[in-house]
Amino acid sequence: RGVILSLNPERRTATISHEKIEGWMEKMTMEFPVKDRKEFAKLRAGQHIRAKVFQRPSDFEFWIGGIEAVEPPPAGP
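Numbering-wise (our numbering), the sequence shown opens with residue 711 and increments by one.
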């Protein structure tokens, strides 16, 4: 889960502030490639999403897919 901060159409990447990804990385902001052109076309800055991270450890490649828009989490007290 995360929120899209910005998009780079030329590189087809999304900069996302995301929650911890169990077994991979802590909560942080980073750029993720989006391989599927149709999925990328639906993304907007400020959008809250849920996505799956795919990785190919043999060549250190990673990307996101299965992207779904979700409601923002409730505001804290």
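All C-beta atoms, glycine included, are put in the ideal place defined by N, C-alpha and C.
| query | result |
| --- | --- |
| For residue 743, I'd like the list of residues in its chain whose CB is within less than 7 Å of its CB, leaving aside the five on either flank, ordered along the chain. | 722, 723, 773 |
| Which residue comes first and which comes last in the beta strand (DSSP E) that contains residue 742? | 738-743 |
| Helix, strand or coil for residue 785 per DSSP? | coil |
| Which same chain residues, not among the five before or five after residue 762, have their C-beta less than 7 Å away from its C-beta? | 774, 775, 776 |
| I need the DSSP call for residue 755, collapsed to helix, strand or coil. | coil |
| For residue 714 versus residue 755, is the C-beta distance shorter than 8 Å? | yes |
| From the DSSP output, in three-state form, read off residue 762 for me. | strand |
| Could you tell me which residues DSSP pairs with residue 717 in its beta bridges? | 724 |
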